[in-house]
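Read the structure below first, then the notes.
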Amino acid sequence: MDSTSITSSEWLKIACAAYAQTDGTAPAMIAALRAHWATEPSGLAAATAFAEGVAELARYATQLPGETADAVDVEAEAVVAARRVVRPLLQAKLQARLDALEARAVGATVCPGCGQTAESQGRRSRRWSSVLGPLSLQRRYAYCEQCGQGIAPAQVALGLPAGDYTPRLEEVCTMMATTVPHAMATGLVAKLCGIDISVKAMEDMTERRAAQVEREAAREAARCAPFDATGLPVPSQARPADAIAAAAAPKVAYLEVDGVVPITREELTGKELTPTERRRQRRAKKAKAHGGKGCRYRIIGREVKNAVLYDGKDCATESPGRGCILRKTYVSYLGDWGTFAGRVWVEMLRQRFDQAKLLVILSDGADWVRSLARWLPLEVFLILDLFHVKHRLWEVANSLYGEKTPKARAWAETQCGRIEDGGAKAVISALRFLRPGRRETRKLVAELAQFLDNNLDRMDYPTYRARGLRVSSGTVESANYHVTGTRLKLQGMRWSAEGAGHMAALRADLFNGRWEQRTKELLAA
Numbered sequence: 027m028d029s030t031s032i033t034s035s036e037w038l039k040i041a042c043a044a045y046a047q048t049d050g051t052a053p054a055m056i057a058a059l060r061a062h063w064a065t066e067p068s069g070l071a072a073a074t075a076f077a078e079g080v081a082e083l084a085r086y087a088t089q090l091p092g093e094t095a096d097a098v099d100v101e102a103e104a105v106v107a108a109r110r111v112v113r114p115l116l117q118a119k120l121q122a123r124l125d126a127l128e129a130r131a132v133g134a135t136v137c138p139g140c141g142q143t144a145e146s147q148g149r150r151s152r153r154w155s156s157v158l159g160p161l162s163l164q165r166r167y168a169y170c171e172q173c174g175q176g177i178a179p180a181q182v183a184l185g186l187p188a189g190d191y192t193p194r195l196e197e198v199c200t201m202m203a204t205t206v207p208h209a210m211a212t213g214l215v216a217k218l219c220g221i222d223i224s225v226k227a228m229e230d231m232t233e234r235r236a237a238q239v240e241r242e243a244a245r246e247a248a249r250c251a252p253f254d255a256t257g258l259p260v261p262s263q264a265r266p267a268d269a270i271a272a273a274a275a276p277k278v279a280y281l282e283v284d285g286v287v288p289i290t291r292e293e294l295t296g297k298e299l300t301p302t303e304r305r306r307q308r309r310a311k312k313a314k315a316h317g318g319k320g321c322r323y324r325i326i327g328r329e330v331k332n333a334v335l336y337d338g339k340d341c342a343t344e345s346p347g348r349g350c351i352l353r354k355t356y357v358s359y360l361g362d363w364g365t366f367a368g369r370v371w372v373e374m375l376r377q378r379f380d381q382a383k384l385l386v387i388l389s390d391g392a393d394w395v396r397s398l399a400r401w402l403p404l405e406v407f408l409i410l411d412l413f414h415v416k417h418r419l420w421e422v423a424n425s426l427y428g429e430k431t432p433k434a435r436a437w438a439e440t441q442c443g444r445i446e447d448g449g450a451k452a453v454i455s456a457l458r459f460l461r462p463g464r465r466e467t468r469k470l471v472a473e474l475a476q477f478l479d480n481n482l483d484r485m486d487y488p489t490y491r492a493r494g495l496r497v498s499s500g501t502v503e504s505a506n507y508h509v510t511g512t513r514l515k516l517q518g519m520r521w522s523a524e525g526a527g528h529m530a531a532l533r534a535d536l537f538n539g540r541w542e543q544r545t546k547e548l549l550a551a
């Protein structure tokens, strides 16, 4: 008999017979399963789904690999068959959950928009794409004439979105698109999940998730703000719902902050155009060109502010002069330091860093970092990144004596040694003693002297090291590259400010290992 002509019920009988012939306990298992289905309201659907799965499995078993098939082909075929086997059961389980939710519903459907009763339209079918393939589900549907929108309460309660993709598939797609460019992400999803997603759909899913993440971050920052609208401390500090229940506050908590600048663009309007840009647009129109992005956008750079939070006890030594941080958390935001500070504070509350005996802020000395430190409602200990200072000293040395010359090396090593020994004032004096001939060098020298003078209270490195404190912000420098840069600063990439901010936030979520947890939070919200 041709396997494609056998019905689902016949496949179930064949499966039972096979079990009986090969395993003495199998008939009892099948009988128990059928008895269970018989007592369930959705027993027929479950039995049919099981039979369809068995049918697909049998079809796969009876199909021999082609003569040219290699191990890659055979395994790929098995993965596709596995999806076909499980898909009917997934659909039946979701349908059973929808039925159960609707059975518990009492009364008419109320529109969430206007609060009026929505007119029932009976049960309607909807299709979604899932990681296992297409799903077709029925749910009760009502329509509100006043708002002009449909309502399916059981669908919402189960977490099935209004869009065409299940939450799990969207979770996979957005994770891929956060890891690699959208076009590459579509190829990976097709390869790993067997689902064809357009680049536009991938972009829409990613933007939608990022916008939800942004709204939730803003809401949480407002709820957990340490100050009220008048700037006074709140009477009772709220904490994130998922705050870590630590037995004791960290002894030393670290907060490293820095920024990275991806290339962003802003659309030009007539009032904002410079004379050069106006001429460029006129030439493009005269040549009947379509006016590419160079004629319609101004290329700029917007800073993504990054923070890395970690407990001092998580700093481990791998070898002399080399260490690693066992656990760390990232916060990324494109925008003003005040909003960034609010989001950092939420993460500090989540990790209970607000209760640390000592909070160390490591940075490169930017003015906005001092503003953030003053804003925080607790005492902080500011340390200027030692290697940032050394880098600037080497920059001046190379400008004074030539790139990588012996004199440049000798001067830089002397000044770096003074800095490490706590002699920043002596370095400032040495800089102000210099009289370089080149204007660019004079500017570098003056800027460095002013920079060191502004940060003298953050450069007592012998004392910091004696206390066992870290003096380098290399972790956030690494975050600038790995967390933000490898996705936002690829060759030729140009972002809108909103798009860059959204991707930066998603990248932080990805590296924090909270992707699945965030998916559930967004569904609950």
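With positions in the sequence shown counted from 1, the corresponding number in this note's numbering is that position plus 26. Note that CB positions come from ideal geometry on N, CA and C, so glycine has one too.
Alpha-carbon to alpha-carbon, residue j and residue i
i: M529; j: T204; result: 7 Å
i: R378; j: A367; result: 16 Å
i: L426; j: Y507; result: 30 Å
i: L549; j: G185; result: 6 Å
i: I454; j: R491; result: 22 Å
i: G443; j: V278; result: 27 Å
i: A237; j: L90; result: 48 Å
i: L495; j: G220; result: 50 Å
i: L360; j: V283; result: 13 Å
i: V80; j: A104; result: 14 Å
i: D190; j: R484; result: 54 Å
i: T545; j: R468; result: 54 Å
i: A436; j: L218; result: 56 Å
i: E248; j: R328; result: According to the sequence displayed, residue 248 carries Ala and not Glu. Their Cα atoms are separated by approximately 24 Å.
i: K331; j: V215; result: 31 Å
i: A144; j: Q181; result: 16 Å
i: R291; j: R245; result: 28 Å
i: K226; j: D535; result: 22 Å
i: E233; j: Q121; result: 29 Å
i: Q175; j: C140; result: 11 Å
i: S389; j: E197; result: 34 Å
i: A434; j: P488; result: 25 Å
Whether residue i touches residue j by CB criterion (7 Å)
i: H208; j: M231; result: no
i: S522; j: F413; result: no
i: Q142; j: Q172; result: yes
i: A423; j: V370; result: no
i: T135; j: P179; result: yes
i: V157; j: R194; result: yes
i: Q441; j: L419; result: yes
i: R235; j: T200; result: yes
i: I445; j: V406; result: no
i: A526; j: P288; result: yes
i: A531; j: S358; result: yes
i: G511; j: V286; result: yes
Environment of residue i [buried if 16+ CB atoms lie within 10 Å]
i: H417; result: exposed
i: R513; result: buried
i: D99; result: exposed
i: K383; result: exposed
i: T88; result: exposed
i: L516; result: exposed
i: G50; result: Caution applies to G50, whose pLDDT of 44 falls short of 50 and renders its modelled position unreliable; the value that the coordinates give is listed next. Flag for G50 reads exposed.
i: K451; result: exposed
i: F253; result: exposed
i: L258; result: exposed
i: P138; result: exposed
i: K430; result: exposed
Spatial neighbours of residue i in its chain, beta-carbon cut-off 7 Å, leaving aside the 5 residues before and after
i: I351; result: Y336, D340, C341, T501
i: P160; result: R153
i: D268; result: R376
i: A475; result: I454, L457, R458
i: S29; result: Note that S29 scores 43 on pLDDT, short of 50, meaning its location in the model is unreliable and no value can be drawn from it.
In DSSP terms, what residue i is bridged to
i: R152; result: L163
i: Q175; result: C170
i: T143; result: V136
i: A279; result: D337, L385
i: K331; result: G285, Y359
i: A342; result: C350
i: E292; result: R324
Cut-off 6 Å between Cβ atoms - residues of its own chain near residue i, not counting five sequence neighbours on either side
i: W363; result: W394, S397, L398
i: D486; result: G448
i: Y280; result: Y336, V386
i: N481; result: G391, L410
i: F537; result: Y356, V509
i: A75; result: P114, L115, A118
i: E439; result: none
Spatial neighbours of residue i in its chain, beta-carbon cut-off 8 Å, leaving aside the 5 residues before and after
i: R149; result: Q164, R165, R166, Y167
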